[in-house]
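The opening residue of the sequence shown carries number 5 in my numbering; numbering runs sequentially from there. C-beta atoms are modelled at their ideal positions from N, C-alpha and C, and glycine is treated no differently. What you are looking at is a predicted structure, and each value in this text was computed from that prediction instead of being measured. Let me begin by presenting the structure, written as structure tokens, before commenting on it.
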Amino acid sequence: MDQNNLLPIFLKVKNQPCLIVGGGKIAYQKIKQLIACKADISVISKECINEIEELYKDDKIKLIKSRYYKKYINGYKLIISATSDNKVNKQVYSDAEKLRIPVNIVDEPELCSYYFGSVHSQGSLKVAVSTNGESPSAGKRIRDLIASSMPNKIDSIINRFNQLRKKLKLNMSYYDKKIFFGNLAKKHISFNKGRVVIVGAGPGSPDLLTLKAAESISNADIILYDALIHPDILSLGSKKCKKIFVGKRSGESCIKQNAINEMMKDFAKSGKIVVRLKGGDPFVFGRGGEEAIFLRNHQIPFNIIPGISSGIGVATQTGIPLTHRGYSKGVLFLTGHQYDGNNNIDWDLVSKLNTTLVIYMGYKKLNKIVSALIKSGKDPKTPIGLIEKGTTAQQRVTIGNIGSINEKIKTMKLETPIMIIIGDVLNIYKYLKDNIEIDPTLYSDTNNFGIHQIQDISN
Ligand SMILES: C[S@@+](CC[C@H](N)C(=O)[O-])C[C@H]1O[C@@H](n2cnc3c(N)ncnc32)[C@H](O)[C@@H]1O
Numbered sequence: 005m006d007q008n009n010l011l012p013i014f015l016k017v018k019n020q021p022c023l024i025v026g027g028g029k030i031a032y033q034k035i036k037q038l039i040a041c042k043a044d045i046s047v048i049s050k051e052c053i054n055e056i057e058e059l060y061k062d063d064k065i066k067l068i069k070s071r072y073y074k075k076y077i078n079g080y081k082l083i084i085s086a087t088s089d090n091k092v093n094k095q096v097y098s099d100a101e102k103l104r105i106p107v108n109i110v111d112e113p114e115l116c117s118y119y120f121g122s123v124h125s126q127g128s129l130k131v132a133v134s135t136n137g138e139s140p141s142a143g144k145r146i147r148d149l150i151a152s153s154m155p156n157k158i159d160s161i162i163n164r165f166n167q168l169r170k171k172l173k174l175n176m177s178y179y180d181k182k183i184f185f186g187n188l189a190k191k192h193i194s195f196n197k198g199r200v201v202i203v204g205a206g207p208g209s210p211d212l213l214t215l216k217a218a219e220s221i222s223n224a225d226i227i228l229y230d231a232l233i234h235p236d237i238l239s240l241g242s243k244k245c246k247k248i249f250v251g252k253r254s255g256e257s258c259i260k261q262n263a264i265n266e267m268m269k270d271f272a273k274s275g276k277i278v279v280r281l282k283g284g285d286p287f288v289f290g291r292g293g294e295e296a297i298f299l300r301n302h303q304i305p306f307n308i309i310p311g312i313s314s315g316i317g318v319a320t321q322t323g324i325p326l327t328h329r330g331y332s333k334g335v336l337f338l339t340g341h342q343y344d345g346n347n348n349i350d351w352d353l354v355s356k357l358n359t360t361l362v363i364y365m366g367y368k369k370l371n372k373i374v375s376a377l378i379k380s381g382k383d384p385k386t387p388i389g390l391i392e393k394g395t396t397a398q399q400r401v402t403i404g405n406i407g408s409i410n411e412k413i414k415t416m417k418l419e420t421p422i423m424i425i426i427g428d429v430l431n432i433y434k435y436l437k438d439n440i441e442i443d444p445t446l447y448s449d450t451n452n453f454g455i456h457q458i459q460d461i462s463n
């Protein structure tokens, strides 16, 4: 296509005779577009898919069950041909051109006297994007970007402008009106920059935040944050940024997921940059996927910034290699949260795999989990580690074995969050632990347990 000489117009086709040649899926799509514009539609095709037959039965279209003949196209305002027969398509094009009826042969830019744009409709607003017939996919993407940047209340703004225009019609000249409404539009309509960034805050220590996460937090208008996010991470938000706690603390009632979703939507639609800040990695037992689906369903622009998941960050910083030659060939990340002691986790399979087990949210179910493992054949002497408040100055590590851990921790007061790690790799940790230097930045913060206590209760 050499030059872009298209004249963009919005054609009124309501009650106007429009013709579609073809009875397949693509013809059906075009019929639906015309139905949305209330056109008076005729379809010519020897055979049709069921959906088109249904439209005919419901009196939404006229159907001429025949092959195409030139005599059929007289008197139409618009023609679309969507057959798989190139000869027919070419014939329709040349017949229509002779009669000067606008014609579009689907997917044949050379055989079109007009193109369909990629359309965004919102009340009275209709935006159509053309790429001069060169790339419908690029056109659709641009349409989607425009749609997602459209201010939420654009339709009511347009309606109010219309009412005002009618009132002012008699009193103002065409040029005065143009200037007046131009200024009004500048004041009231601007692209919505609202979006959501789902950010992983890492396992606990603020030093383990990624640079990208830090940058997003500092650019946020609103931060919706979960429990266990370190205050130093929140302090990266600007002075103007509003920080809203939406997390769950055990025993306390918490904001429901639906309410969090609605907050993300409403803030983004009102033009705010929202950071949804979650512990660890947002897509690991963090409901980040559900939130992303919600945003996608509501056409809200979003992106996701990974964080170090606590299963990995806590283990590695503690000195527990999750895989190690000769000890473990893999890692299984599980949640103990929904484990009800029945067979909703296949413990036989889990035991057989011989991989390191990293169990999130499992502390309350510890008894059930270790019993199930032993019942499935796991050696009661298999090492287990419980890491409280990993990567923070209050970290405490308790190591034992799955056969006796429950009994032995009965009198200890363990504090959440707790990561459970089970497997022979804990033997490597026992070898390393006395030689691992503690990050000196953690010495400044000595609450509760002191610095990185380690208790070995294996024997
Ligand atoms: C709802 S899950 C969220 C996991 C998070 N998305 C991630 O990737 O780490 C919360 C669980 O992660 C574990 N956890 C999170 N932070 C921890 C930490 N600093 N130390 C130990 N366990 C932690 C605990 O098992 C806790 O119950």
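Beta-carbon spacing of residue i, residue j below 8 Å
i	j	result
I68	Y32	no
G330	Y433	no
H124	A142	no
S375	S355	no
E101	V107	yes
K64	I39	yes
K282	I202	yes
K158	I193	Looking at the sequence provided, one finds Ile at residue 158 rather than Lys. In this structure, I193 lies closer than 8 Å to I158 by Cβ.
K276	D350	no
G27	S88	no
A43	K61	no
Reference residue i; option with closest CA among the options
i	options	result
V25	N9, K18, Q95 and D62	Q95
S333	N348, P310 and T359	Here the sequence assigns Lys to residue 333, which means Ser is not the residue at that position. Of the candidates N348, P310 and T359, the one whose C-alpha sits nearest the C-alpha of K333 is T359.
G251	R280, G427, K276 and S239	R280
F14	I442, M154, I30 and C41	C41
G241	S222, A231, L228 and P235	S222
G121	G127, A397 and N136	N136
L436	P384, E419, M423 and I458	I458
F289	F165, R300, I158 and G311	G311
G427	A397, G127 and H328	H328
I545	L299, S49, G407 and G394	Given that the chain is displayed from residue 5 to residue 463, the structure contains no residue 545 and the question cannot be resolved.
V110	Y119, K102, R104 and L103	Y119
P464	K34, G275, K130 and V401	Outside the displayed range of the chain (5 to 463) lies residue 464, so it cannot be described from this structure.
K417	P286, L390 and K191	L390
R199	N9, I308 and K66	I308
S153	L23, P305, N9 and H234	P305
G404	D438, Q7 and I425	I425
R169	S220, F271, D383 and A189	A189
T339	K368, L357 and T87	K368
L149	K34, A132, T386 and T214	A132
L548	K393, I193 and L361	Only positions 5 to 463 of the chain appear in the structure, and residue 548 is not among them; the question remains open.
F249	K243, A231, A263 and N262	A231
V335	D352, N348, I316 and H341	I316
Rounded separation between residue i and residue j - CA only
i	j	result
I53	S117	27 Å
T320	L326	8 Å
I378	E411	15 Å
Y447	V318	With a pLDDT of 47 at Y447, under the threshold of 50, the modelled position of that residue is not reliable, and the figure given next carries that caveat. Cα to Cα, Y447 sits roughly 18 Å from V318.
Y229	I84	52 Å
N451	A397	Its pLDDT being 40, under 50, N451 is placed unreliably by the model, and the measurement read from it follows with that caveat. For N451 and A397, the distance between alpha carbons rounds to 8 Å.
I161	F185	12 Å
V401	I388	10 Å
D285	I440	25 Å
N175	K16	29 Å
P466	A217	No answer is possible for residue 466: the residues shown for the chain start at 5 and end at 463.
N166	I77	38 Å
P210	I237	6 Å
S313	K246	26 Å
L357	I363	15 Å
E294	K171	48 Å
L265	N371	The sequence shown places Asn at residue 265, rather than the Leu named in the question. Distance between the alpha carbons of N265 and N371 is about 35 Å.
N156	G366	43 Å
S462	M423	18 Å
N90	L115	11 Å
F453	E419	With a pLDDT of 37 at F453, under the threshold of 50, the modelled position of this residue cannot be trusted; read the value that follows with caution. When rounded, the distance between both Cα atoms is 10 Å.
K260	G204	20 Å
I455	T386	Because I455 sits at a pLDDT of 43, beneath the cut-off of 50, its placement in the model cannot be relied upon, and the point is left open.
K212	I442	Correcting the residue type first, residue 212 is Leu in the shown sequence and not Lys. Approximately 15 Å, taken between the alpha carbons.
K382	T395	29 Å
K34	V47	11 Å
Q20	L10	23 Å
Y97	F195	40 Å
Distance cut-off 7 Å: residue i Cβ against heavy atoms of ligand 2
i	result
Y72	The model depicted lacks ligand 2 and carries ligand 1 instead.
Test: residue i CB closer than 8 Å to a CB of chain D
i	result
T214	Here chain D cannot be found, since the structure has a single protein chain.
Which runs of the beta strand (DSSP E) at least 3 residues long sit entirely within the stretch 124-199? Give them in chain order. 129-133
Got a list of residues with beta-carbon closer than 5 Å to any non-hydrogen atom of ligand 1, in chain order? P207, G208, G283, G284, D285, V288, F289, G290, S313, S314, V318, Y364, M365, G394, P421 and M423
Counting only runs that start and end within the stretch 218-305, where is the alpha helix (DSSP H) found for 4 or more residues in a row? 235-238, 261-273 and 292-301
Note down, one range per segment and in chain order, each beta strand (DSSP E) of at least 3 residues found wholly within the stretch 16-89. 21-25, 44-48, 66-68 and 82-85
Let me know the beta strand (DSSP E) ranges lying completely inside the stretch 326-397, each 3 residues or longer, listed in chain order. 335-339, 360-364 and 387-392
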